[in-house]
Amino acid sequence: MTLRRKRAAILISGRGSNMRALIERARDPSYPAEIALVLSNRPDAAGLGFAKENDVACAVADHKMYAGREEFERSMQVLLELHRIELICLAGFMRMLTPWFVGQWQGRILNIHPALLPAYRGLKTHERALADGAKIHGCTVHFVVPAMDEGPIIAQAAIAVRDSDTPESLAARVLAEEHAIYPAALAYLAEGRLRIEGNRVYCGEPTTLPPPLRVPFAE
Ligand code: GRF
Numbered sequence: 280m281t282l283r284r285k286r287a288a289i290l291i292s293g294r295g296s297n298m299r300a301l302i303e304r305a306r307d308p309s310y311p312a313e314i315a316l317v318l319s320n321r322p323d324a325a326g327l328g329f330a331k332e333n334d335v336a337c338a339v340a341d342h343k344m345y346a347g348r349e350e351f352e353r354s355m356q357v358l359l360e361l362h363r364i365e366l367i368c369l370a371g372f373m374r375m376l377t378p379w380f381v382g383q384w385q386g387r388i389l390n391i392h393p394a395l396l397p398a399y400r401g402l403k404t405h406e407r408a409l410a411d412g413a414k415i416h417g418c419t420v421h422f423v424v425p426a427m428d429e430g431p432i433i434a435q436a437a438i439a440v441r442d443s444d445t446p447e448s449l450a451a452r453v454l455a456e457e458h459a460i461y462p463a464a465l466a467y468l469a470e471g472r473l474r475i476e477g478n479r480v481y482c483g484e485p486t487t488l489p490p491p492l493r494v495p496f497a498e
């Protein structure tokens, strides 16, 4: 029996490299989600170009055109319903979401963060990890809850920090890992494989996520 692919939306504000990784992965008809909409809060988001070229439906809800956050989010909600969206991936979406919006999508909305949560919530994660002398850094896919960069963790990837690293070089290697774990995490969600208990997410075994990294013994 073939299961119906879940209709996913990707919310972006900028470059959209994670969006691109998700669109490319979802080209495989056996992938359990289809990217049914890319929604940007910025009309000039670079990622919109790739989505359009790849025949993915695009929409813009420009937050500056709304009187407040609620109006902006209600407009996004209308667009999401119009496109019969079932799951959301935040991918570099730079707006805080209200508890109302998050509540509409509870258990169905994911975010990717460029650090090993719960370390380095917020911005400038690579700079901060280097400044702290961290030896391991990475990225996290998690369920979205009203508090920023919190919510049950689905997947993480770790990389070794090198002596020669700058924030830019570290960001580039972390980004490559983001592009690997985000499509994997969305697939788990779309397949209904995720079970949340408290802060823990059970993915079922075996997983197809990258193996753990032990620094400095392997890279
Ligand atoms: C990524 O580093 C992601 O982890 C963070 O914002 C960045 C978005 O990059 N949330 P891109 O737009 O996906 O290229």
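So the number in my numbering is just where the residue sits in the sequence shown, counting from 1, plus 279.
Yeah, the Cβ is synthetic: ideal placement off N, Cα and C, and Gly gets one too.
No experiment lies behind these values; they were computed from the predicted model shown.
(request) Have a look at PRO397, ARG353, THR445 and PHE329 and flag the residue whose alpha-carbon is nearest the alpha-carbon of ALA340. (result) ARG353
(request) Indicate, with yes or no, if the ligand GRF has a heavy atom lying under 7 Å from the CB of CYS222. (result) For the chain, the structure presents residues 280 to 498; residue 222 sits outside this window and is missing.
(message) Going by DSSP, what residue range makes up the beta strand (DSSP E) through PHE422?
(response) 415-422
(request) Determine the DSSP secondary structure at ALA497, reduced to helix, strand or coil. (result) Residue confidence for ALA497 is low, a pLDDT of 44 falling below 50, so the modelled location carries little weight and cannot support an answer.
(request) Report the option in ALA330, SER319, ASP444 and HIS458 whose CA atom is closest to the CA atom of GLN435. (result) HIS458
(request) Evaluate GLY295 with the Cβ neighbour count: other Cβ atoms within 10 Å of its Cβ, from every protein chain shown; 16 or more gives buried, anything less gives exposed. (result) buried
(message) So, at 7 Å on beta carbons, what are the nonlocal neighbours of ALA497 in its own chain, with the 5 sequence-adjacent residues on each side left out?
(response) Any reading at ALA497 needs caution, since the residue's pLDDT is 44, under 50, leaving its predicted position unreliable; the model's value is listed next. Same-chain partners within the cutoff: there are none.
(request) Check the DSSP bridge columns for LEU369 and list the partner residues they point to. (result) LEU290 and ASN390
(message) Taking the beta strand (DSSP E) that ALA439 belongs to, which residues open and close that run?
(response) 432-439
(request) Return the residue from the list SER309, ILE314 and ASP307 that minimises the CA-CA distance to LEU290. (result) ILE314
(request) Kindly list the residues whose CB is nearer than 6 Å to the CB of HIS392, restricted to its own chain and excluding five residues on each side of it in sequence; keep chain order. (result) THR419 and ASP428
(request) Return the chain-ordered list of same chain residues with a C-beta closer than 7 Å to the C-beta of ARG348, the five sequence neighbours on each side being excluded. (result) THR377
(request) Find the nearest neighbour of ALA243 within the set TYR310, ARG283 and MET298, judged by alpha-carbon distance. (result) The chain is shown only over 280 to 498; residue 243 falls outside these bounds and no answer can be derived.
(message) Shorter than 7 Å, the distance from the beta carbon of ILE291 to the closest heavy atom of the ligand GRF, or not?
(response) yes
(request) Grab the span of the alpha helix (DSSP H) containing LEU402 for me, first residue to last. (result) Neither: LEU402 is in no alpha helix (DSSP H) and is coded neither H nor E.
(request) Identify, in the order they occur along the chain, each residue of the same chain with its Cβ nearer than 6 Å to the Cβ of TYR481, setting aside the five sequence neighbours on each side. (result) ARG474
(request) Within its chain, find whatever has a CB closer than 7 Å to the CB of GLU456; leave out the 5 residues flanking it on each side and keep chain order. (result) GLY417, CYS418, ALA436 and ILE438
(request) Look at the Cβ atom of GLU464, then the Cβ atom of ILE415, and state whether they are nearer than 8 Å. (result) At residue 464 the sequence reads Ala, which differs from the Glu that was named. No, Cβ-Cβ distance for ALA464 and ILE415 is not below 8 Å.
(request) Identify whether ARG479 lies in helix, strand or coil by the three-state DSSP scheme. (result) strand
(message) Only counting the same chain, and skipping five residues up and downstream in sequence, which positions put a Cβ closer than 6 Å to that of GLU470?
(response) PRO311
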